[in-house]
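Below is one structure, written out as structure tokens; the observations come after it.
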Amino acid sequence: MALKKCKNCGKEFEGNTRQFCSWQCSEAYGYNLKSKLDSAIKNDKGHTDRLSVD
Numbered sequence: 000m001a002l003k004k005c006k007n008c009g010k011e012f013e014g015n016t017r018q019f020c021s022w023q024c025s026e027a028y029g030y031n032l033k034s035k036l037d038s039a040i041k042n043d044k045g046h047t048d049r050l051s052v053d
């Protein structure tokens, strides 16, 4: 069976359906993704400027 790579830390592990080597990596990946999205959205006025003018 081929080893899979963890989406968070890059460590190789055995598993068919999992994407992370541990629940800690799964939690950390979700937290990091949320932080990146919040940071990107916070400073992006974009199309929402027109909505807030009304």
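Under numbering that gives the first Met the number 0, the sequence shown is numbered contiguously, ending at residue 53. We put the CB at the ideal spot given by N, CA and C, even for glycine.
Out of the options, which one is the CA nearest neighbour of residue i?
{"i": "Cys8", "options": "Asn42, Ala39, Gly29", "result": "Gly29"}
{"i": "Cys54", "options": "Phe19, Gly14, Asp37, Glu13", "result": "Because the chain in this structure spans residues 0 to 53, residue 54 falls outside the shown range and cannot be described."}
Within the same chain, show all residues whose beta-carbon is closer than 7 Å to that of residue i, passing over the 5 residues directly before and after it, in chain order.
{"i": "Gly14", "result": "Lys3"}
Who are the near neighbours of residue i in its chain, counting only those whose CB is closer than 8 Å to its CB and skipping five residues on each side?
{"i": "Arg17", "result": "Lys3"}
{"i": "Asn31", "result": "Asn7"}
For residue i, I'd like the list of residues in its chain whose CB is within less than 6 Å of its CB, leaving aside the five on either flank, ordered along the chain.
{"i": "Ser38", "result": "none"}
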